[in-house]
Every structure is written in structure tokens, then in C-alpha cells.
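Only one structure is covered here, and it is reproduced in the block below.
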Amino acid sequence: MPQILKIKSNIEVASANARKVLLQGGVIAFPTDTFYGLAVDPFNREAVDRIYEIKGREKNKPLLLLISSNEQLGKLVKEITQAHSTLMRQFWPGPLTMLFESSSIIPDNLSSGRIGIRQPGNLMTRELISALGQSITAPSANLAGEDPPVTAKQVDQSLGSKLDLILDGGTCPGGKPSTLVDPVEMP
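Pasting the structure below:
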């Protein structure tokens, strides 16, 4: 049974606990501006593999990363094109995931040469990423093929026994997953 922390009362305590779990290779569930997601340290290969196992996700489906600021992006990607920059100015922070060519520091079990990256609109999520000091993974917190959860209770019922921590931020907006755009291919 994972620890469940209500984050609205104390974001700093929740972020500190999440940071500790992530740095120890743990898996946490957290709210985003769309659904609840699963976070691990993307540079911990075993933790990344755990997400695939927990979700029952095919390993040929790359995981997306969340960043807290545009400054974190430069290390993760080979190039930020003009199209990327334009979209970042218009839609970040928010539910827009963009594809980039991965830099050499991105582990191969996370990417197939390209990586989806998003700066979420949810302030708590950005604070969590800032507390960790690096990007986090963010696939939805559900089994492959199931509907993504909008509450911590739904996460706990579906995946709770497999997680180390659930950050309860109330109900996420739900709706559609983030929009995926490939600016590398844009004219």
C-alpha cells in the first residue's frame, strides 16, 4: 500500500517526499493538467523499466518527459527549432507535448531517438519537477488500454499496490490527453 499525501495543504512537504522517493528509484503518481501520471527519475534505467512493467506497456512505446522550465530542455534535446520555439511561446506551460530529437544523455529505454517533452500548466507538477532538479517521466497512471485516472482514489484502486507514493492533488480536469505535435517535421 503506497503512502498517499494530500498536496494542497503543503506542497513543499509533498515535493520533498516525492523527491526522496524518486531519487531512491521509486514510482509516484501525481496530478497533471490533464490526468494523473506516473513519475520516475528518467535517468534511472531500473525505475523506467518499472513503469513499463506497472502499466503493462510495450517497450517500443517511448515515455514522455515533463520539465518545469524551458532551461531544462537544452540538455535533453539535440536541437530546438524555430517551430519548437514558436509553439513553446504560444502553448507552454500547458497540455502540448512536442517531439524532439533526443540528446545523448537520454537513456535508450526511454526513447527511440526522439522524445516527447511537455511543460505542464499544473503549478504543483512544475514545483515537483523543480524540487527534483530535473525532468520526470509522465505516462498516464493506468494500465495500458484503460482510461487514464482523474483522481488519486482511481490511481490507488488500479495501481496502488505497485506504487511507492501517490500525491493527491484532487480531481484533474481530464478530457483529452495532451496534444502531440512533431515540429521537427513541420515546414
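Quick note: the sequence shown uses the numbering used here, first residue -14, plus one each step. Quick reminder that beta carbons are idealized off the backbone N, C-alpha and C, glycines included.
Closest residue to residue i among the options (Cα-Cα distance)
i	options	result
residue 39	81, 78, -7, 131	131
residue 100	17, 59, 12, 127	59
residue 119	55, -13, -4	55
residue 102	165, 137, 43	165
residue 76	96, 57, 106, 36	106
residue 140	67, -2, 1, 12	12
residue 10	34, 16, -1	34
residue 135	72, 30, 17	17
C-alpha gap between residue i and residue j, whole angstroms
i	j	result
residue 117	residue 23	15 angstroms
residue 112	residue 28	19 angstroms
residue 81	residue 163	5 angstroms
residue -9	residue 109	12 angstroms
residue 5	residue 123	17 angstroms
residue 104	residue 45	23 angstroms
residue 155	residue 137	7 angstroms
residue 8	residue 161	30 angstroms
Reduced DSSP category for residue i - H, G, I as helix; E, B as strand; rest coil
i	result
residue 147	helix
residue 0	helix
residue 164	strand
residue 42	coil
residue 22	strand
residue 59	helix
residue 137	helix
residue 34	helix
residue 28	coil
residue 100	strand
residue 64	coil
Whole-angstrom C-beta distance between residue j and residue i, which should lie under 8 angstroms
i	j	result
residue 25	residue 32	4 angstroms
residue 188	residue 50	Nothing about residue 188 can be reported from this structure: the residues present for the chain run from -14 to 172 only.
residue 97	residue 47	5 angstroms
residue 21	residue 129	Going by Cβ atoms, the distance from residue 21 to residue 129 rounds to 15 angstroms, so no, they are not a contact pair.
residue 153	residue -11	6 angstroms
- Count the C-beta pairs between the segment 77 to 89 and the segment 140 to 150 that are closer than 8 angstroms, then say yes if the count reaches three, no if not. no
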